[in-house]
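Okay, so here's the structure we're looking at.
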Amino acid sequence: MELAVETKGLSKTYKRGRILALKALDLQVPVGSAFGLLGPNGAGKSTLVKTLLTIVRASGGSATLLGIDFRKPEARRNVGYLPEGHRFPGYLTGAGVCEYFGRLAGLRGADLASQIREKLELVGMSEWADVKVSRYSKGMAQRVGLAQAMLGNPKLIFLDEPTDGVDPLGRQEIREVIKRLCRQGSTIFLNSHLLSEVEQVCDRIAVMHHGRILKQGSVREIIETVTGGQGALQVRFRTSPLDARARQSVEKRGPFTPSDDGFVLNLPGPQAVTPLIDELRAADVEIFAVEPQHANLEEAFIRLIQQQSDQGVGGTR
Amino acid sequence: MQAFLAIVADTWRQSKQQWVFLILLVMLGAVTLTFAALTKVHDYGDGAESRHSQTLLWSWQDAPEEFSREDHWEGVYSMVIAKQQGREEILRRKRQEQQELKEEMIALSDEYSAAKKRNAPEADIDAINERAKALKEREDALLKETDRVNSEMLKEARAEVKRRSADISDLQKALEITLAQVTTFLTILTMLGFVAAASGYFPGLIAQGSVDSVLARPVNRLQVFFGKYVGGLALISAALFACWLALFITFGIKTGLWHWHFFSALPMTLLAAALLYAIVAWVGLMTRSTALSLVTGYFFYLVVDTAVHVMVTQAPNDPLFADWKWLVTMAEWVRYLFPNFRLMRESAEASVVNVPVFEAQPLIVAFAWLVILLVTAFRRFQRTDF
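If you read the protein sequences in the order shown, they are chains A and B. Just so we're on the same page, the numbering used here is the position in the first sequence counted from 1, plus 461. Just so we're on the same page, the numbering used here is the position in the second sequence counted from 1, plus 25.
Set out below in structure tokens:
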């Protein structure tokens with residue numbers, strides 16, 4: 462498997478080793494994947510990205526970006542980056558920001574000009590291209606940030622909280638841009654605390670806590686591993702009110718939770734659904750909907766962090 | 026190289042947006058324009074010898090002042106020549122001897138009072154008086170000798186100036202002194218304005234959220250650091266060069282004299298600007314504060330530099346400091362430890378007046394400071410986690 466990012470024992474300490482921000486991280490991000498890095502505040506997500514980009518100096522271990530030693534400037538030749546809480550120089554316009562970072566990325570001339578137009582168009586900022594960044598709203602600055610990260614059509618793009626400060630419509634647009642980049646073959650490394658966003662955009666994730674990777678894999682793998690949901694099924698039934706007999710019968714089939722418009726039942730597996738429907742129909746209960754309830758990423762994430770806290774793992778100090 | 030130039034260009038863009046930088050440019054332009062437009066060539070008249078036929082005046086003047094520009098030129102020239110003759114050291118020693126004599130007199134006076142108090146024999150009192158008389162004679166002789174050395178020095182200097190400037194016309198002298206004056210104005214303005222303009226360059230560069238995007242690009246920190254430094258310096262260099270060129274051409278056309286030595290003041294002025302910028306950049310990198318960087322820049326240029334200048338030039342010679350010997354000793358050290366912008370400026374002026382004296386000491390100290398400041402600031406920049 463070709464890797465866009467690979468770290469081996471990557472670590473970062475502060476205050477002469479007294480604070481461990483990254484603890485011997487081993488991480489693999491395959492080329493072409495949309496990779497999401499999750500973790501509570503202070504987990505070390507941004508530190509990891511900054512370390513990979515040498516904005517923060519690693520204390521130990523090694524890493525490669527697209528197969529090149531991350532310490533070499535060439536490793537960043539095909540890399541784009543949107544930092545969290547960026548502050549582009551207020552004296553530049555949106556197009557000026559793109560021009561500056563485009564030049565730093567090695568673009569020039571007509572190629573640079575056409576890419577600036579294209580990327581600003583893509584993030585919906587063409588009309589604002591000649592307005593100074595100091596006059597932008599946070600959402601607009603974020604879009605320009607995304608545009609500059611895409612300049613040079615990098616093969617690997619780090620996005621640190623890309624939808625931070627963006628309205629819901631804007632978030633949707635940014636997610637579409639990210640998906641489009643994935644389709645074009647770029648590897649996306651997404652840092653976000655918005656779990657639903659990661660779930661929608663990413664195919665692989667890693668969960669980080671106290672400077673270490675707790676789990677990494679596909680979204681489904683992680684949910685199933687953490688929630689222990691393999692085989693078990695939670696089903697929501699929207700029905701007419703159950704009489705006492707029907708309710709008694711349903712309760713025998715598994716853990717039962719009543720709701721305003723029906724009930725939620727934990728069944729041993731999908732094979733148990735049809736007999737239950739038959740039984741409800743036989744008891745003259747009207748069935749409006751049967752919805753399988755999947756454990757989501759948020760639930761898995763919270764459980765994983767709680768498990769670690771219960772086990773007393775970690776602590777960066 | 027492209028990344029380096031991109032950072033240089035960005036610094037230019039940043040400067041163009043700063044009102045303080047624009048004010049500096051306007052003031053530099055105003056000084057240049059004033060000297061270029063408001064001076065005229067004055068003819069002394071038909072009877073004058075060709076070498077003394079013309080001089081420079083302000084446009085509103087009809088005749089030269091009593092102390093003309095060429096007199097001023099000769100004054101500056103002879104001071105430098107006097108310095109070159111090395112007599113200053115002799116004078117310094119004479120002043121030191123005078124001070125020692127003064128101390129002996131005071132001690133003798135105390136001895137006399139004590140002798141009177143204890144009703145010492147008349148013979149003892151007479152002996153003290155004899156010694157006092159001898160001391161007074163020595164002091165008088167010393168004063169005469171000092172005056173003689175001093176006047177001899179000036180006389181020789183004047184004679185040397187006359188000899189060396191025999192072929193130099195009054196107009197040339199007036200031109201040289203005028204350009205030396207404009208050098209002074211431009212240098213002071215540059216220093217004062219450039220501190221204000223440059224104090225924000227490095228704190229702005231390393232601000233959280235700003236430096237990240239730059240360092241994430243395929244550039245190394247050396248390019249980023251020196252791109253910013255060279256960018257700022259190149260901008261002020263371009264502005265100063267434009268002023269120099271405008272003055273050179275204007276005065277060349279006006280007088281018919283193309284004084285190429287005027288350009289020799291430019292490297293000195295730029296070295297001073299580079300050093301002050303390095304101080305400001307160093308503080309900016311260490312503290313991340315524009316305000317602190319600005320205050321330090323001005324404090325160094327206005328307060329520290331004045332103190333250093335007083336110590337270096339006044340303390341060893343001025344009798345006012347004679348009682349503080351430690352200050353005189355310290356001044357010797359300070360001369361080699363601290364840069365002195367005023368000495369550099371005086372050297373720049375002297376180079377315009379074309380005096381064949383080159384004072385290397387202030388340049389060496391300034392250059393050493395520049396290297397140390399840039400190396401330590403870069404090491405800090407290189408080792409910082411942003």
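In this text, a Cβ means the ideal position worked out from N, Cα and C, and glycines have one as well. All figures in this text were calculated on a predicted structure; none of them were measured in a lab.
Around the Cβ of residue i, are there at least 16 other Cβ atoms within 10 angstroms (buried) or fewer (exposed)?
{"i": "A/Leu513", "result": "buried"}
{"i": "A/His671", "result": "buried"}
{"i": "B/Gly70", "result": "exposed"}
{"i": "A/Ile639", "result": "buried"}
{"i": "A/Ser647", "result": "buried"}
{"i": "B/Thr354", "result": "exposed"}
{"i": "B/Gln248", "result": "buried"}
{"i": "A/Arg673", "result": "buried"}
{"i": "A/Asn539", "result": "buried"}
{"i": "A/Gly776", "result": "Reliability of the predicted coordinates at A/Gly776 is poor, the pLDDT of 45 falling under 50, and no value is obtained from them."}
{"i": "A/Lys511", "result": "buried"}
{"i": "B/Asn154", "result": "exposed"}
{"i": "A/Arg778", "result": "Residue placement at A/Arg778 is poorly supported in this model, since its pLDDT is 41, which falls under 50; the coordinates still yield a value, given next. A/Arg778 is exposed by the Cβ-count criterion."}
{"i": "B/His97", "result": "buried"}
{"i": "A/Lys580", "result": "buried"}
{"i": "B/Asp237", "result": "buried"}
{"i": "B/Leu345", "result": "exposed"}
{"i": "B/Phe276", "result": "buried"}
{"i": "A/Val466", "result": "buried"}
{"i": "A/Pro629", "result": "exposed"}
Spell out whether any CB of chain B is found under 8 Å from the CB atom of residue i.
{"i": "A/His654", "result": "no"}
{"i": "A/Gly776", "result": "Confidence is the limiting factor: at A/Gly776 the pLDDT is only 45, short of 50, which leaves the residue's position unreliable and the question unanswerable from this model."}
{"i": "A/Ala574", "result": "no"}
{"i": "A/Ala566", "result": "yes"}
{"i": "A/Tyr597", "result": "no"}
{"i": "A/Pro615", "result": "no"}
Opposite residue i in the DSSP bridges: which residues?
{"i": "A/His753", "result": "The sequence given here has Pro at residue 753 of chain A, not His. DSSP lists A/Val696 as partners of A/Pro753."}
{"i": "A/Val404", "result": "Lying outside 462 to 778, the shown extent of chain A, residue 404 of chain A is not represented and no answer is given."}
{"i": "A/Asp530", "result": "A/Thr525"}
{"i": "B/Leu79", "result": "One point to set straight first is that residue 79 of chain B is Gln, not Leu, in the sequence displayed. B/Gln79 pairs with B/Asp68."}
{"i": "A/His670", "result": "A/Arg673"}
{"i": "A/Phe724", "result": "A/Phe698 and A/Pro719"}
{"i": "A/Pro491", "result": "A/Leu464"}
{"i": "A/Gly497", "result": "A/Leu651 and A/Ile666"}
{"i": "B/Thr354", "result": "Per DSSP, none; premise fails for B/Thr354."}
{"i": "A/Thr688", "result": "None; A/Thr688 has no bridge partner."}
Looking at chain A, is there any beta carbon in it that lies within less than 8 Å of the beta carbon of residue i?
{"i": "B/Ser84", "result": "no"}
{"i": "B/Ser224", "result": "no"}
{"i": "B/Leu240", "result": "yes"}
{"i": "B/Ser314", "result": "no"}
{"i": "B/Val220", "result": "no"}
{"i": "B/Ala28", "result": "yes"}
{"i": "B/Asp348", "result": "no"}
{"i": "B/Arg94", "result": "no"}
How would you write the range of the beta strand (DSSP E) that residue i sits in, first residue to last?
{"i": "A/Glu467", "result": "Leu464 to Tyr475"}
{"i": "A/Phe717", "result": "Phe717 to Ser720"}
{"i": "A/Ser679", "result": "Arg673 to Ser679"}
Name the chain D residues whose beta carbon is nearer than 7 Å to that of residue i?
{"i": "B/Gly234", "result": "The structure shown contains no chain D; its protein chains are A and B."}
Could you check where the alpha helix (DSSP H) with residue i kicks off and where it finishes?
{"i": "B/Leu310", "result": "Ala290 to Thr312"}
{"i": "B/Ser103", "result": "Arg94 to Gln110"}
{"i": "A/His547", "result": "No alpha helix (DSSP H) contains A/His547, which DSSP labels as neither H nor E."}
{"i": "B/Thr275", "result": "Arg246 to Thr280"}
Segment contact flag, the region 463–475 of chain A with the region 485–496 of chain A, C-beta cutoff 8 Å, min 3 pairs: yes
Cβ contact (3+ pairs, closer than 8 Å) linking the region 572–579 of chain A and the region 646–654 of chain A: no
With a threshold of 8 Å, are at least 3 pairs of Cβ atoms found where one atom belongs to the region 172–189 of chain B and the other to the region 139–152 of chain B? no
Are the region 587–605 of chain A and the region 560–571 of chain A touching, with three or more C-beta to C-beta distances below 8 Å? no
Evaluate the contact criterion for the region 531–551 of chain A versus the region 204–216 of chain B: three or more CB pairs, one atom per stretch, below 8 Å. no
Touching by the beta-carbon criterion (3+ pairs, under 8 Å), the region 233–246 of chain B and the region 511–529 of chain A: yes
Any 3 or more C-beta pairs closer than 8 Å across the region 283–291 of chain B and the region 309–325 of chain B: no
Validate contact between the region 197–205 of chain B and the region 360–368 of chain B using beta carbons, cut 8 Å, 3 pairs: no
Please confirm if the region 123–141 of chain B is in contact with the region 214–227 of chain B, defined as three or more CB-CB distances below 8 Å between the two stretches. no
Pairs of beta-carbons, one from the region 739–746 of chain A and one from the region 676–683 of chain A, closer than 8 Å: are there three or more? no
If we count Cβ pairs, one from each stretch, closer than 8 Å, do we get three or more for the region 247–265 of chain B versus the region 28–40 of chain B? yes
So, do the region 293–307 of chain B and the region 397–406 of chain B have three or more beta carbon pairs nearer to each other than 8 Å? yes
Pair every Cβ in the region 718–735 of chain A with every Cβ in the region 626–643 of chain A, then say whether three or more of these pairs are closer than 8 Å. no
Looking at C-beta atoms only, is the number of pairs between the region 548–560 of chain A and the region 588–596 of chain A that lie closer than 8 Å three or more? yes
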